[in-house]
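Have a look at the structure below before the remarks.
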Amino acid sequence: MNLFEKIFNHQILSRLEDSGTFMVTSHERAWLKTMLEHPAAADAFTADTLDKLRSALEPDPVMDISLHLMEKARSMEKQVYHPLLRPLRRHIMNKTGIRITYEIKGGRVKTGHSGFPYKLEYSMVKREWYLLWHHIRHHAFMSTRLKNIHSVEAEPIKPWAAESILKKLGETLDSRKSEVVIEIVRAYNAEMSRIMYAFSSFEKNVEYDTENDTYRVRVCTLGDEMEYLLSKLRFLGKRVRVVEGPYLKKRMLESSTKALERYGVIPADDESST
Amino acid sequence: MAKESFDKEIQFLRMLVLTSGAFSRQQFAERLGISVHTFDKTIRRLKDVVSSMHQHLPQEQSKEFSESLRFSYYDSTDPQLLFLFRAKSVKESESHRISLLLGAMTGQARTAMELLDLCCGSTSSELPMPDEKTIRSDLKYLEEVGVIRKEPGPRPYKFRIQDDLVRSLTNDELIDLYDFVDVMANTQVPSVQGYLLRDGLKKHLMRKDVEQHSVEPFLYKYHYYSRILDEAHLFTLLHAIRHRRKVRFLYFSPKSEKSYASKNTNPLFERDTKGKAEKTLPLKIVYDHQYGRWYLIAYGREGIRKFRMEGLTQIEEDESVDEAWYKERQTELAEKMRYSWLIDTGRPVTVRARFFNPEGSEQNFIKERVLLQGQWGQIVVEDKDSFIYEITVNGTTEIRPWLRSFGSSCEILEPAALRREMIAEWKEIQSYYESV
């Protein structure tokens, strides 16, 4: 199997698009057939659809990749699909409102709140799905784990209200973005590749200062991403230093001070000791 | 025809993505070990591919290339690097002919002669007329890649596009299929075929008047964006493993073994432009979720060897080895990697660490994360405030960043050397921020 087949060529593809032709190769079918063996498939389709797909793919081979590929440092795969995914994606598609009952931290239950769903988000770190939705009465953008949703059903919303939420959403997300600057400590420039890989899951820009041979990574984050970024910074340890971003600096100082207290290197709760 | 290599494009795109915007043309070319002329040529070629794929977004074309490749979470979940796999060059006349043929075989089965007539009768012809041999070889190719199927029946054979997959489904079922492909391509490896299929299904849905808003309901947080670049080599290597064949390649080690402190230039991209010629026997491929990187684990004269997939170029297959002997090497490797956090095959050690439960939080996110990411490690002791996690791993180098990522919620108990190293490292980190 070669991924650089001429059938995937961009000119062929765009011509097919113009003529409205759907084309699928045996590569893609073998991939799909392999993925259908994953337990997630049972939650993704009705039994009827699954049968149809399996019979359409009957002549195709399954990939034998799992025999030769090892995945390491992977989070345990708790959930790939969730039963609520199918109904919720349809509410999103239809731009309909929802009436939702969900559990919040501490186990309290919020019953029958009106909302507008706009995205379903999967965390590769936590291996879980979240519903991103707008809470109509509180005018707040919410993120709720699907497993904490007790019930959800469609509730009509005026089309103009839906559009105005979507518009507001774009503006709010932009305004929540903030920038921090992280410098690669020069002595570790040799580990650049690894460090850049670690930051590759963020929206970022890299600046290179030729004179001082120093790299600075300007990371653009949303508010709720700070904790994840922090864990990445601790992950990289002394290789990187936050140069702009007071909150992250403060947290890194706290982390290191508290860690040293744990090890008994510096006495606990003694602010003056260094 | 000479085998078209995408090594240069892959290297190029990886650097572009990882260092987004850091270098000027000159610096970029230097670091890749190519001339500015080659740099310009490569970027022009990639730009052509990108702009033909995004023909519906004219504003994209005017954007700077690296800018349009920038990772922007809320913009789109389309994997932009996918265009690399669209870059195989095809002659204008061929792309025209193949799309014409596929269009003609949609909905009805056709013989080679009917297709020939159709091609010759096609109006837009400043292009050369194809002959029967060309059409037959096109059909053979399309059948090979599984895009069309020969219908059962007597000669002359009829061919039809193989689209049962979507033809048998209702619109609602198509949405389920699209979603499944989207989710699996984004959460599993390998993913390139999935992304290609997703792309086809997406266009198919949009032709059925499904809105853009409806085809992108999902987001995936913290993806290693460049991981699909290395899948380019995956299938070549899998083929070699399946056939127990050695491979030859030119290796550019991404890290310099030498001390770097005294070096004045950037060692990563100051490549040895020659690379190192290697010949080795592939045993296993490893995908590391911690960084989103791929490795080739192989066997050579020196024993087990590890290569970063991103450093491999000009891969070619060589002779095969004895089956029984190959099995032994694989078993041996499996044994050695049993305790590899990632790929370390060094001596196993037992690491013990105390994790502290979060104060004043009802949710124990520390324990949740340890259970989720701690691989085969076990929680051996637990009390109200903390728990002890124990794991046997090959060496401590690979697990260390993960332990450190917990900050002050993790205290290394054993081995003593790791404890000392961790203390030293926290001291250094503290010194970075003390003056704040």
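Chains as they are written, first to last, in the working numbering: chain B, 1 to 274; chain G, 1 to 436.
Glycine included, every Cβ here is placed at the ideal spot set by N, Cα and C.
Taking DSSP as the reference, what is the three-state secondary structure of G/I391?
Counted from its first residue, the second sequence places residue 391 of chain G at position 391. G/I391: strand per DSSP, three-state reduction.
Would you mind telling me which residues of chain G sit closer than 9 Å to B/E244, beta carbon to beta carbon, in chain order?
Along the first sequence, read from residue 1 onward, the residue named residue 244 of chain B stands at position 244. Ordered by position in chain G, no residue passes the 9 Å Cβ test against B/E244, which lies about 12 Å from the chain.
For B/Y208, which beta-bridge partners are listed by DSSP?
Translated into positions along the first sequence, residue 208 of chain B becomes position 208. DSSP output for B/Y208 lists B/Y215 as bridge partner(s).
Can you tell me the Cα-Cα spacing of G/L268 and B/T214, whole angstroms?
Along the second sequence, read from residue 1 onward, the residue named residue 268 of chain G stands at position 268. Along the first sequence, read from residue 1 onward, the residue named residue 214 of chain B stands at position 214. Low local confidence applies: a pLDDT of 44 at G/L268 is under 50, so the model's placement there is unreliable, with the coordinate-based value given in what follows. Looking at the two C-alpha atoms, the distance is approximately 13 Å.
Chain-ordered neighbours of G/L196 on chain B, where CB pairs are closer than 7 Å:
For the purposes of this step, residue 196 of chain G is taken as residue 196 along the second sequence, with counting starting at 1. Those within 7 Å of G/L196 in chain B are F8 and E28.
Below 8 Å CB to CB, which residues in the same chain sit around B/V243 once its five sequence neighbours on both sides are set aside?
Translated into the one-based positions of the first sequence, residue 243 of chain B becomes position 243. Same-chain partners within the cutoff: V181, I182, E183 and R216.
Would B/W133 and B/Y118 qualify as a contact pair, given that the criterion is a beta-carbon distance under 8 Å?
As a position in the first sequence, residue 133 of chain B is number 133, starting the count at 1. As a position in the first sequence, residue 118 of chain B is number 118, starting the count at 1. Against a cut-off of 8 Å, the Cβ pair of B/Y118 and B/W133 comes out as a contact.
Can you tell me which of B/R127, B/M93, B/G107 and B/I165 puts its alpha carbon nearest to the alpha carbon of B/Q79?
Position 79 of the first sequence, counting from 1, holds the residue named residue 79 of chain B. Here the closest residue by C-alpha is B/R127.
The stretch 26-45 of chain B contacting the stretch 174-185 of chain G, beta-carbon criterion three pairs below 8 Å:
Here the stretch 26-45 of chain B makes contact with the stretch 174-185 of chain G; the two share three or more CB pairs at distances below 8 Å.
Use the C-beta contact count for B/E225: other C-beta atoms within 10 angstroms, 16 or more gives buried, fewer gives exposed.
By 1-based counting over the first sequence, the position of residue 225 of chain B is 225. Burial call: buried.
Enumerate in chain order the residues of its own chain whose CB-to-CB distance from G/P358 is below 8 Å, with the five nearest sequence positions on each side excluded.
Position 358 of the second sequence, counted from the start, is the residue given in the question as residue 358 of chain G. For G/P358, where only same-chain residues beyond five positions count, the Cβ hits under 8 Å are N364, F365, I366 and S409.
Thinking C-alpha only, which one of G/L84, G/Q108, G/L81 and G/L142 is nearest G/R97?
Counted from its first residue, the second sequence places residue 97 of chain G at position 97. G/R97 has its Cα closest to that of G/L142, out of G/L84, G/Q108, G/L81 and G/L142.
Please state whether DSSP places G/T134 in a helix, a strand or coil.
In the second sequence, the residue the question calls residue 134 of chain G occupies position 134. DSSP, read as helix, strand or coil, puts G/T134 in helix.
Whose Cβ in chain B lies nearer than 7 Å to the Cβ of G/H223?
Numbered from 1 along the second sequence, position 223 holds the residue referred to as residue 223 of chain G. What G/H223 touches in chain B: M124 and S201.
Roughly how many angstroms lie between the CA atoms of B/E77 and B/K177, to the nearest whole one?
Numbered from 1 along the first sequence, position 77 holds the residue referred to as residue 77 of chain B. Numbered from 1 along the first sequence, position 177 holds the residue referred to as residue 177 of chain B. B/E77 and B/K177 have their alpha carbons spaced roughly 30 Å apart.
Just the C-alpha distance for B/R83 and G/G303, rounded to the nearest angstrom, thanks.
Translated into the one-based positions of the first sequence, residue 83 of chain B becomes position 83. Translated into the one-based positions of the second sequence, residue 303 of chain G becomes position 303. The identity of residue 83 of chain B in the sequence shown is Pro, whereas the question assumes Arg. Taking the straight line joining both Cα atoms gives about 48 Å.
Using DSSP's beta-bridge definition, name the partner residues of G/R110.
Here residue 110 of chain G refers to the residue found at position 110 when the second sequence is read from its first residue. According to DSSP, G/R110 bridges with G/F159.
Give the residues of chain G in contact with B/K168, contact being defined as C-beta atoms less than 9 Å apart.
Against the first sequence, residue 168 of chain B aligns to sequence position 168. Going along chain G, no residue has its Cβ under 9 Å from B/K168, so there is no contact; the nearest lies around 14 Å.
Distance, G/G292 Cα to G/Y260 Cα:
Within the second sequence, the letter at position 260 stands for residue 260 of chain G. Within the second sequence, the letter at position 292 stands for residue 292 of chain G. Only weak support exists for where G/Y260 lies, its pLDDT of 27 falling under 50; the coordinates are left without a value.
For my contact list, G/A298 and G/T280 are in at a C-beta cut-off of 8 Å; report their separation, rounded to the angstrom.
Translated into the one-based positions of the second sequence, residue 298 of chain G becomes position 298. Translated into the one-based positions of the second sequence, residue 280 of chain G becomes position 280. Right, their Cβ atoms sit about 4 Å apart.
Considering only C-alpha positions, which residue in the set B/D60, B/I65, B/L13 and B/Y81 is nearest to B/R145?
One-based indexing of the first sequence puts residue 145 of chain B at position 145. With distances taken between Cα atoms, B/R145 lies closest to B/Y81.
Presumed contact (8 Å Cβ cut-off) between B/R234 and G/S405, rounded CB distance:
Here the question's residue 234 of chain B lines up with position 234 in the first sequence. Here the question's residue 405 of chain G lines up with position 405 in the second sequence. That belief holds up - the Cβ atoms of B/R234 and G/S405 are roughly 5 Å apart, short of 8 Å.
Where the beta strand (DSSP E) containing G/R178 begins and where it ends:
Here residue 178 of chain G refers to the residue found at position 178 of the second sequence. Checking the sequence, you will find Tyr at residue 178 of chain G rather than Arg. Looking at the DSSP string, G/Y178 is not in any beta strand (DSSP E); the run it does join, the alpha helix (DSSP H), is N171 to T187.
In chain order, which continuous runs of the beta strand (DSSP E) of length 3 or greater are located wholly inside the stretch 97-168 of chain B?
97-103, 109-123, 128-135, 140-145 and 149-155
Taking the beta strand (DSSP E) that G/P348 falls in, what are its first and last residues?
To locate residue 348 of chain G, count along the second sequence from 1; it is residue 348. Residues P348 to F356.
Consult DSSP for G/V319 and reduce its assignment to one of helix, strand or coil.
Taking the second sequence and counting its residues from 1, the one referred to as residue 319 of chain G is at position 319. It is Glu, not Val, that sits at residue 319 of chain G in the sequence shown. Here G/E319 sits in strand by DSSP.
Using the C-alpha atoms, what's the distance from G/G360 back to B/V265?
For the purposes of this step, residue 265 of chain B is taken as residue 265 along the first sequence, with counting starting at 1. For the purposes of this step, residue 360 of chain G is taken as residue 360 along the second sequence, with counting starting at 1. Distance between the alpha carbons of B/V265 and G/G360: 25 Å.
Taking Cβ positions, are G/G311 and G/Y225 nearer each other than 8 Å?
The residue labelled residue 311 of chain G in the question sits at position 311 within the second sequence. The residue labelled residue 225 of chain G in the question sits at position 225 within the second sequence. No, the Cβ-Cβ distance between G/G311 and G/Y225 is not below 8 Å.
Positions along the stretch 166-185 of chain G whose CB lies within less than 9 Å of some CB in chain B:
V166, R167, S168, L169, T170, D172, E173, I175, D176, L177, D179, F180, V181, V183, M184 and A185
Using only alpha-carbon positions, find the residue among G/S95, G/E30 and G/V36 that is nearest to B/E5.
As a working note, residue 5 of chain B is residue 5 in the first sequence. Nearest C-alpha to B/E5: G/S95.
Taking only beta-carbon atoms, is B/L247 less than 8 Å away from chain G?
One-based indexing of the first sequence puts residue 247 of chain B at position 247. Going by the sequence as given, residue 247 of chain B is Tyr instead of Leu. Not closer than 8 Å to any Cβ of chain G, the Cβ of B/Y247 fails to qualify, so no.
Would you call the stretch 237-249 of chain G and the stretch 316-334 of chain G touching, i.e. three or more CB-CB distances under 8 Å?
yes
Taking the alpha helix (DSSP H) that G/K284 falls in, what are its first and last residues?
Counting from one through the second sequence, the residue named residue 284 of chain G turns up at place 284. G/K284 -> not in any alpha helix (DSSP H); beta strand (DSSP E) instead, spanning K276 to D288.
Does chain B have any CB closer than 8 Å to the CB of G/G360?
Taking the second sequence and counting its residues from 1, the one referred to as residue 360 of chain G is at position 360. Judged by the 8 Å Cβ criterion, G/G360 is not in contact with chain B.
Who are the neighbours of G/I366 on chain B, taking C-beta pairs under 8 Å?
Locating residue 366 of chain G in the second sequence gives position 366, where the first residue counts as 1. Under a criterion of Cβ atoms nearer than 8 Å, no residue of chain B is adjacent to G/I366; the nearest Cβ is some 11 Å distant.
Supposed contact pair G/T331 and G/N394 - C-beta distance, whole angstroms, cut 8 Å:
In the second sequence, the residue the question calls residue 394 of chain G occupies position 394. In the second sequence, the residue the question calls residue 331 of chain G occupies position 331. G/N394 to G/T331, Cβ: 17 Å. No contact.
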